[in-house]
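In UniProt numbering, the protein residues as written are 1 to 450.
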């Protein structure tokens with residue numbers, strides 16, 4: 001007992017001297033302490049050391065957990081970087097979907113894995129294994145959940161590619177080590193899904209923009225082609241002016257004037273409908289008219305042939321209103337056929353005359369007895385005005401129509417004007433009337449001075 005006491009006192013003395021040497025005054029000199037007090041000090045020191053050891057062990061566990069989390073995060077970031085690099089190799093994510101599936105397969109090692117992507121309502125499968133159950137689970141999944149699923153009874157994980165705008169899903173079944181899928185597995189696939197969803201969204205946007213650019217280019221070509229259908233120059237011996245303004249990018253109105261055997265063949269037409277479809281029918285009508293009139297002078301034959309061809313080519317709900325006329329400058333007559341079109345207007349020095357249509361539009365009724373030409377006597381200085389209904393039916397911001405009466409008043413006041421002046425002033429007149437209101441129909445006019 002005496003030896004133990006002496007040993008303990010010696011240890012305390014060494015501790016005391018060491019504490020003094022390092023400048024710590026936490027221990028009292030043993031001369032001022034009895035043995036029981038020294039024993040109590042040692043007990044407190046042992047308790048403190050044990051608490052410190054426990055804290056170290058707990059800190060070590062936390063550190064290990066943090067290191068594991070850092071390691072998992074590093075693995076996740078490395079995998080996502082690998083997926084990002086793969087996605088950057090192609091604008092089309094469908095081209096690299098198999099590589100992405102293999103990357104996921106390598107990292108979480110399921111027994112079966114497949115990536116299902118939906119492209120234009122078609123389900124495309126990219127499988128990293130030979131399993132068949134993934135397709136069965138996916139078919140069932142798209143009818144029910146369309147959200148992330150992890151099963152506690154069987155190792156199953158289904159992670160969607162997009163939820164509101166569903167674009168597919170990853171399906172994983174079983175772990176090769178027999179374990180269940182954990183949060184790290186889910187986090188990895190969810191992160192990959194977000195990357196893939198972004199790529200799919202970008203690809204979809206790219207496709208739409210490409211289609212839009214192609215469409216705009218094709219539309220520009222269509223506009224250029226349609227402009228080439230309209231006359232760029234009129235016969236020198238005739239004073240003619242015309243214009244056509246489509247409501248959309250291309251339109252279904254048509255006008256033309258060309259010399260034939262010293263006479264002027266004058267025409268205007270309005271194809272039912274609007275846009276590209278109407279423009280195509282208009283080009284067809286122009287081709288037929290030009291072809292028939294090249295070898296035929298009789299207006300009855302020209303109109304009847306046109307009607308026959310239009311009946312063959314147009315669907316039941318389509319038709320063409322038109323005026324086809326021949327101005328004879330020698331006997332001062334205008335012979336015409338009005339196939340369901342707006343009236344022919346003759347601008348005379350003392351007023352205007354209107355000649356309404358008495359024949360049906362082209363393309364509605366088959367037959368040979370409809371189109372009987374009419375002949376009008378015209379005088380030198382008179383003007384013949386043909387137009388489409390886009391002018392009288394144009395509206396202002398209040399919805400009021402320009403109307404035929406306004407058009408007649410305008411033309412009546414223009415009897416001394418040349419055709420080009422009439423056309424230019426009519427456009428200004430209509431623009432001032434509409435005051436920025438949207439144009440709903442093609443507007444076309446052609447004027448010839450006798």
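Every residue, glycine too, gets a C-beta built ideally from N, C-alpha and C.
Beta-carbon gap between residue i and residue j smaller than 7 Å
i: residue 466; j: residue 187; result: Nothing about residue 466 can be read from this structure; the chain reaches only from 1 to 450.
i: residue 373; j: residue 335; result: yes
i: residue 265; j: residue 293; result: yes
i: residue 442; j: residue 169; result: no
i: residue 323; j: residue 385; result: no
i: residue 203; j: residue 93; result: yes
i: residue 101; j: residue 115; result: yes
i: residue 411; j: residue 392; result: no
i: residue 448; j: residue 243; result: no
i: residue 113; j: residue 172; result: yes
i: residue 315; j: residue 341; result: no
i: residue 469; j: residue 450; result: The shown model of the chain, from 1 to 450, leaves out residue 469, and the question about it has no answer.
i: residue 155; j: residue 174; result: yes
i: residue 303; j: residue 371; result: yes
i: residue 229; j: residue 286; result: yes
i: residue 310; j: residue 320; result: yes
i: residue 197; j: residue 161; result: yes
i: residue 210; j: residue 167; result: no
i: residue 375; j: residue 333; result: yes
i: residue 259; j: residue 235; result: yes
i: residue 86; j: residue 99; result: yes
i: residue 349; j: residue 414; result: no
Start and end residues, alpha helix (DSSP H) containing residue i
i: residue 33; result: Per DSSP, residue 33 belongs to no alpha helix (DSSP H) and is neither H nor E.
i: residue 357; result: Note, residue 357: premise wrong, no alpha helix (DSSP H); not H, not E.
i: residue 321; result: Taken as a continuous stretch (DSSP letters only), residue 321 belongs to no alpha helix (DSSP H), being part of the beta strand (DSSP E) at 320 to 328.
i: residue 110; result: First-last for residue 110: 110 to 119, but that is the beta strand (DSSP E), not the alpha helix (DSSP H).
i: residue 433; result: 419 to 434
i: residue 207; result: 183 to 229
i: residue 261; result: That residue, residue 261, is in no alpha helix (DSSP H); it is neither H nor E in DSSP.
i: residue 291; result: 275 to 295
i: residue 410; result: 403 to 412
i: residue 376; result: That residue, residue 376, is in no alpha helix (DSSP H); its beta strand (DSSP E) goes 374 to 377.
i: residue 302; result: 299 to 313
Inter-residue Cα distance where the pair is residue i and residue j
i: residue 256; j: residue 394; result: 23 Å
i: residue 280; j: residue 401; result: 28 Å
i: residue 406; j: residue 250; result: 27 Å
i: residue 207; j: residue 253; result: 33 Å
i: residue 45; j: residue 63; result: 26 Å
i: residue 214; j: residue 90; result: 21 Å
i: residue 271; j: residue 359; result: 16 Å
i: residue 103; j: residue 189; result: 10 Å
i: residue 317; j: residue 429; result: 34 Å
i: residue 23; j: residue 11; result: 18 Å
i: residue 56; j: residue 66; result: 15 Å
i: residue 180; j: residue 49; result: 41 Å
i: residue 28; j: residue 42; result: 13 Å
i: residue 212; j: residue 277; result: 18 Å
i: residue 184; j: residue 71; result: 11 Å
i: residue 299; j: residue 283; result: 20 Å
i: residue 425; j: residue 312; result: 40 Å
i: residue 95; j: residue 436; result: 49 Å
Extent of the continuous beta strand (DSSP E) run through residue i
i: residue 348; result: 344 to 348
i: residue 165; result: Neither: residue 165 is in no beta strand (DSSP E) and is coded neither H nor E.
i: residue 364; result: Premise fails: residue 364 is in no beta strand (DSSP E) and is neither H nor E.
i: residue 123; result: 122 to 127
For residue i, the nearest candidate out of the options (CA to CA)
i: residue 97; options: 77, 118 and 109; result: 118
i: residue 139; options: 129, 128 and 123; result: 123
i: residue 34; options: 154, 13, 358 and 100; result: 13
i: residue 485; options: 181, 448 and 397; result: No answer is possible for residue 485: it lies beyond the span of the chain, which begins at 1 and ends at 450.
i: residue 159; options: 193, 40 and 133; result: 193
i: residue 353; options: 73, 383 and 371; result: 383
i: residue 355; options: 377, 439, 67 and 233; result: 377
i: residue 339; options: 313, 227 and 363; result: 363
i: residue 439; options: 6, 427 and 226; result: 427
i: residue 330; options: 380, 371, 267 and 319; result: 380
i: residue 164; options: 142, 180, 183 and 157; result: 142
i: residue 79; options: 233, 106, 15 and 53; result: 106
i: residue 109; options: 8, 182 and 125; result: 182
i: residue 7; options: 365, 38 and 25; result: 38
Paired residues, beta bridge with residue i - DSSP
i: residue 244; result: 444
i: residue 160; result: 169
i: residue 267; result: 256 and 324
i: residue 387; result: 445
i: residue 395; result: 401
i: residue 337; result: 324
i: residue 351; result: 348
i: residue 175; result: 110
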